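*Asks:* Below you will find the structure I want to go over with you.
Structure (structure tokens):
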């Protein structure tokens, strides 16, 4: 098999891992799995593409503006579509439908605004998408940077959970009421996590744009593969998500090279189902004790 | 669950209108075509409502199951010249079978896994239809699906319409029967209060599976009719939009209401006609509708209608069956089960919740477990009833090792329990909550309850009487037809005890039954425990209210920080110095505060 297949798998897998981490950021304090997450990634890519290619803003300025803009959209989503549902029932799953509705609204509005044509996004200055020959593999400098940035981001996020605020997030995820009694405000953490989760999703979109182009079709694809990485890597486990992202990226690349590219999704689907059937909690999780 | 909210007359009128329609429209008219299609969508929506509304499992890929049905029929009738009826049967089996295969891992996990997996399944299936050109003929689709025929008579548009109407009515009635049976109660329990489902012996996995199989089979059946009605089946018919359409239909009509899918489909069929100019805005409108409905009308149009109906017709207080209330029934004796725990250990992270606890409760006795907060009392109950898995030790129930059995298995062996905060299903009446307790005792299978066979009806009637008897036994018979969520806290505790007894519990674990009770309720609880014990059941009670413990329990075990501090006769234990120290602290003991 071509070594290229593996490098492609790792690059794609890094993106899936980032989406999975954005799921996790949002999930940990709220126990909500945002079905609009894929569209937030797409929105990040689209806004960033417009700001750089069309408005001509410098890379860093556009990057920061995109993160804040999408973060605020995440916050709005939390206020409108999630908080009222959670206020009604903590255990219900009405948010599955409301976040799905949010995803429909975002993707259709973006489609109206930007149209269906993909926008080309160039990587920041010294990096480029030109393929380099390293041994038998062909990989661009931007792709190498992406893989490294992903590793750093996962490490940073993991570190953040070890701070006091991070521990508060874990406490709320574990037991909302008990955390409340310790003076932690789950509501405020929920809003923050939606803001940060959405901003992280937007960052994923920005990072993905030079490779995948910015287009409305990014959303559903990254939603499902990001979910697969999060589930296989055990929900809430960021290092698990990283490994699972690689597993899924490489599986997909191998599947596409052995069978026809049309089987890409089917191969991932079967592999993810098989893993979940054997290990329902994912590869890196232990079954949670049920609380009564 | 209100059963009479849409009065019988309206139901009959709806059916009459459906049957009379062909008389007023032409054979090849658009109206008849649309009406047939409406019926087909209602069949699928009824199934989705059972799954998403009652069992709480939201399927985001229902179009795929309809597609499986449609393609099965199209390919079998066109390529292999099967009869429609046989092909439709295969369609249902295939839709349910493939669906279960895909969703199998999801049943063990959180609800949203199911949503994701069905979403992914639909996406993959959509791609595979195009990819497997040799089977499905790719984008071109399967053309020329023949109409169904019977006895040499080929079904034109009118007979097809009647067939669809009849099948829709049958599906509606079968699903209604299931919803009103023990399966329906288990669906709602799994949706709202999973611990309660476990406590009555209903396996959440199997319950979700049953709902899903019915739902996918109905989608397959709808697909079968879809194929013969349209005569052409192409991949474009079954996009993700189609799945969203089904979901919106059900949400619009009212999730978890019997008439919801019917109303939703009816209204929905009018909207696209009105929105013909807004075709390109359709998905945006769907999204906004879904969001708005979930936020402001979670029970959809049906819920809104029901509320309006109730406002105009104040409900007369329902009287209880005189037979049940007049007859002060003597409950038959219960053969208590012994509980024997030894060396039980459980650690949560860095906390040793239980550190080698021994406890022996002889059959038919009432034993209390007391101790300060955090001493491991509730953990002990949760381990004994299978909600937690211990690190070490043994739990013998009636001399059989119970360790490692799932909670619903232990419940099935005759272990009933109540919870620290009552776990009743708020949307069900007190009576239905108690009847849920009989889940494992009911013998009627899914088929006989769906068909309402005489044996199933007789059993349901008998259990209903029995449940009323238990409500009376615990003293809340007057609340039988009130929704549990609207019942005062103290009575919820009593209903929970009735539910445990209804399950034929021979060992009853009560977790702080006195918490939050008023003085009079406390007295009633005390009498109740003594009476249950008098019948022969074994009772283990975890309680802070020491007066109550002293009155009902023959044996007291004191836990402190995961260890047994003292055990024995209540009077002796409560005067033990170590016990007083654990409860009141060193200083209080020295300054001589009376116990």
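Residue numbers (the numbering used here), protein chains in the order written: chain X, 1 to 292; chain Y, 1001 to 1595.
Glycine included, C-beta positions come from ideal geometry on N, C-alpha and C.
Here the structure is a predicted model, which is why all the values come from computation and not from measurement.
#1: Within 10 Å of its beta-carbon, does residue 1170/Y have 16 or more other beta-carbons around it, so buried, or fewer, so exposed?
#2: Enumerate in chain order the residues of its own chain whose CB-to-CB distance from residue 1322/Y is below 6 Å, with the five nearest sequence positions on each side excluded.
#3: Verify the CB distance criterion: does residue 265/X have a CB-CB separation below 7 Å to chain A?
#4: I want to verify the contact list: residues of chain Y whose CB lies under 7 Å from the CB of residue 276/X, in sequence order.
#5: Just to confirm, are residue 1410/Y and residue 1444/Y a CB contact at a threshold of 7 Å?
#6: Does the CB of residue 1116/Y have a neighbour CB from chain X at under 7 Å?
#7: Roughly how many whole angstroms lie between the Cα atoms of residue 1281/Y and residue 107/X?
#8: Since residue 1563/Y sits in a beta bridge, which residues does DSSP pair it with?
#9: Taking the Cβ atom as the reference point for each residue, do residue 1507/Y and residue 1514/Y lie within a distance shorter than 7 Å?
#10: At which residue ranges does the stretch 1035-1059 of chain Y contain complete beta strand (DSSP E) runs of 3 or more residues, listed in the order of the chain?
#11: Which bits of chain Y does residue 33/X rub up against, with CB to CB less than 9 Å?
#12: The alpha helix (DSSP H) with residue 1207/Y in it runs from where to where?
#13: Should the stretch 94-113 of chain X be called in touch with the stretch 1285-1299 of chain Y, which here means at least 3 C-beta pairs below 8 Å?
#14: Restricting to Cα atoms, I'd like to know which of 1092/Y, 1368/Y, 1046/Y, 1219/Y is closest to residue 1066/Y.
#15: Can you tell me whether residue 177/X is buried or exposed? The criterion is at least 16 other CB atoms within 10 Å of its CB, across all chains shown.
#16: Label residue 1594/Y either buried or exposed according to how many other C-beta atoms from any shown protein chain fall within 10 Å of its C-beta, with 16 as the threshold for buried.
#17: How is residue 274/X classed by DSSP in three states: helix, strand or coil?
#18: So which residues on chain X does residue 1127/Y lean against when the C-beta distance must stay under 9 Å?
#19: Going by other Cβ atoms of all chains shown within 10 Å of its Cβ, with 16 needed for buried, is residue 1112/Y buried or exposed?
#20: What separation, rounded to the nearest whole angstrom, lies between the Cα atoms of residue 1474/Y and residue 1498/Y?
#21: May I ask you to report which of helix, strand or coil DSSP gives residue 57/X?
#22: At a CB distance below 8 Å, what residues from the stretch 1034-1065 of chain Y approach chain X? Give them in sequence order.
#23: How would you list, in chain order, the residues of chain Y whose beta-carbon sits under 7 Å from the beta-carbon of residue 84/X?
#24: In chain X, which residues lie with their C-beta within 9 Å of the C-beta of residue 1200/Y?
#25: Just verifying my parser: in three-state terms, what is the DSSP assignment at residue 82/X?
#26: Take the Cβ of residue 1302/Y as the centre, count every other Cβ of all protein chains shown within 10 Å, and call the residue buried at 16 or more, exposed below.
#27: Please check the pair residue 1239/Y and residue 1139/Y, which I expect to be a contact at CB under 8 Å, by giving their CB distance rounded to whole angstroms.
#28: Is the Cβ of residue 237/X closer than 7 Å to any Cβ of chain Y?
#29: Run through chain X and tell me which residues come within less than 7 Å of residue 1283/Y, C-beta to C-beta.
#30: What is the DSSP secondary structure of residue 1326/Y, reduced to helix, strand or coil?
#31: Can you pull out the residues from the stretch 1220-1251 of chain Y whose beta carbon lies closer than 8 Å to at least one beta carbon of chain X?
#32: Taking a cut of 9 Å between CB atoms, which residues from the stretch 136-160 of chain X lie near chain Y?
#33: With which residues is residue 1429/Y paired in a DSSP beta bridge?
#34: Cβ atoms of residue 1573/Y and residue 1556/Y: under 7 Å apart, would you say?
#35: Using only CA atoms, which one of 1348/Y, 1419/Y, 1408/Y, 1368/Y lies nearest to residue 1530/Y?
#36: Alpha carbon to alpha carbon, how far is residue 1485/Y from residue 1423/Y? Give it in angstroms, no decimals.
*Replies:* Let me lay it out:
#1: The sequence position of residue 1170/Y within the second chain is 170, counting from 1. Answer is exposed; the Cβ neighbour count stays below 16.
#2: Taking the first residue of the second chain as position 1, residue 1322/Y is located at position 322. Summary for residue 1322/Y: the model assigns pLDDT 46, below 50, so the residue's position carries little reliability, and this model does not support an answer.
#3: Looking for chain A here will not work: the only protein chains present are X and Y.
#4: Along the first chain, one-based indexing puts residue 276/X at 276. Under the 7 Å cutoff, chain Y gives 1105.
#5: In the second chain, counting from the first residue as 1, residue 1410/Y sits at position 410. In the second chain, counting from the first residue as 1, residue 1444/Y sits at position 444. No. Outside cutoff.
#6: As a working note, residue 1116/Y is residue 116 in the second chain. It does: the Cβ of residue 1116/Y has a partner Cβ on chain X nearer than 7 Å.
#7: On the second chain, position 281 is the one that residue 1281/Y refers to. On the first chain, position 107 is the one that residue 107/X refers to. About 12 Å.
#8: Position 563 of the second chain holds residue 1563/Y. Answer is 1560/Y, bridged to residue 1563/Y.
#9: In the second chain, residue 1507/Y corresponds to position 507, counting from 1. In the second chain, residue 1514/Y corresponds to position 514, counting from 1. No, the Cβ-Cβ distance between residue 1507/Y and residue 1514/Y is not below 7 Å.
#10: none
#11: Stepping through the first chain from its first residue, residue 33/X is reached at position 33. Simply 1110, 1112, 1113, 1115, 1116.
#12: In the second chain, the residue the question calls residue 1207/Y occupies position 207. Element bounds for residue 1207/Y: 1204-1230.
#13: yes
#14: Your numbering for residue 1066/Y matches position 66 in the second chain. Considering only alpha carbons, the answer is 1219/Y.
#15: Taking the first residue of the first chain as position 1, residue 177/X is located at position 177. It is exposed - the Cβ of residue 177/X has fewer than 16 other Cβ atoms within 10 Å.
#16: Within the second chain, residue 1594/Y is the residue found at index 594, counting from 1. A caution first: residue 1594/Y carries a pLDDT of 49, below 50, which makes its placement in the model unreliable, though a value can still be read off. A residue is called buried when at least 16 other Cβ atoms come within 10 angstroms of its Cβ; residue 1594/Y does not meet this threshold and is exposed.
#17: Indexing the first chain from 1 puts residue 274/X at position 274. Of the three classes helix, strand and coil, the one that applies to residue 274/X here is helix, per DSSP.
#18: As a first step, residue 1127/Y is located in the second chain; it is residue number 127 there, counting from the start. Taking a Cβ-Cβ cut-off of 9 Å, the neighbours of residue 1127/Y in chain X comprise 262, 263, 264, 265, 266, given in sequence order.
#19: Numbered from its first residue, the second chain carries residue 1112/Y at position 112. So residue 1112/Y ends up on the buried side.
#20: Position 474 of the second chain holds residue 1474/Y. Position 498 of the second chain holds residue 1498/Y. Roughly 6 Å between the two C-alpha positions.
#21: Along the first chain, read from residue 1 onward, the residue named residue 57/X stands at position 57. Three-state result, residue 57/X: coil.
#22: 1056, 1058, 1060
#23: Counted from its first residue, the first chain places residue 84/X at position 84. Neighbours of residue 84/X on chain Y, chain order: 1295.
#24: For the purposes of this step, residue 1200/Y is identified with residue 200 of the second chain, where counting begins at 1. Those within 9 Å of residue 1200/Y in chain X number zero; the least Cβ separation is about 14 Å.
#25: If you number the first chain from 1, residue 82/X lands on position 82. In the structure shown, residue 82/X sits in a helix (DSSP, three-state: H, G or I).
#26: In the second chain, the residue the question calls residue 1302/Y occupies position 302. Residue environment for residue 1302/Y: buried (at least 16 other C-beta atoms within 10 angstroms of its C-beta).
#27: Indexing the second chain from 1 puts residue 1239/Y at position 239. Indexing the second chain from 1 puts residue 1139/Y at position 139. 13 Å between Cβ atoms; not a contact.
#28: Position 237 of the first chain, counted from the first residue, corresponds to residue 237/X. It does not: the Cβ of residue 237/X has no partner Cβ on chain Y nearer than 7 Å.
#29: For the purposes of this step, residue 1283/Y is taken as the residue at position 283 of the second chain. Chain X residues near residue 1283/Y: 104, 108.
#30: Within the second chain, residue 1326/Y is the residue found at index 326, counting from 1. Here residue 1326/Y scores only 41 on pLDDT, less than 50, and its place in the model should not be relied on; the value that follows carries that caveat. Of the three classes helix, strand and coil, the one that applies to residue 1326/Y here is helix, per DSSP.
#31: 1240, 1244, 1247, 1251
#32: none
#33: Counted from its first residue, the second chain places residue 1429/Y at position 429. In DSSP, residue 1429/Y forms a bridge with 1483/Y.
#34: Counting from 1 along the second chain, the entry for residue 1556/Y is found at position 556. Counting from 1 along the second chain, the entry for residue 1573/Y is found at position 573. Going by C-beta atoms, residue 1556/Y is nearer than 7 Å to residue 1573/Y.
#35: Against the second chain, residue 1530/Y aligns to sequence position 530. Of 1348/Y, 1419/Y, 1408/Y, 1368/Y, the residue nearest in Cα terms is 1368/Y.
#36: Here residue 1423/Y refers to the residue found at position 423 of the second chain. Here residue 1485/Y refers to the residue found at position 485 of the second chain. Each residue's alpha carbon lies about 10 Å from the other.
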